[in-house]
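First up is the structure itself, then whatever we jot down about it.
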Amino acid sequence: MGRGRAKAKQTKVARELKYFSPNTDLTALERELHGSSYTEPEPASDSSEGEDEYDEYGKWASGQR
């Protein structure tokens with residue numbers, strides 16, 4: 001007997017852990033996973049700087065060799 005209060009507290013703590021979702025800093029996580037020499041990738045640009053590896057296939061598929 002007397003276990004009711006302890007069980008209620010454990011249930012309360014478990015519920016808080018289950019539904020608590022802190023704000024995650026994904027950039028910091030990415031830096032941590034990649035190590036200290038990691039630099040953020042630059043955003044993709046619309047202009048292509050040369051031939052893409054799939055351009056030859058695209059030309060072949062459309063008949064424009």
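Take the sequence shown: its letter number 27 is residue 27 in the UniProt record's numbering, and every next letter is one higher. Beta carbons are placed, not taken as given, at the ideal position from N, Cα and C, and that holds for glycine. The structure presented is a predicted model; accordingly, all values stated were derived computationally and were not measured.
CA-to-CA, the gap between Pro22 and Glu16 works out to about 12 Å.
Take the alpha-carbon of Glu30 and the one of Lys12: they are about 32 Å apart.
Between Asp55 and Glu42, the alpha-carbon positions lie close to 22 Å from each other.
When DSSP states are grouped into helix, strand and coil, Glu16 belongs to the helix group.
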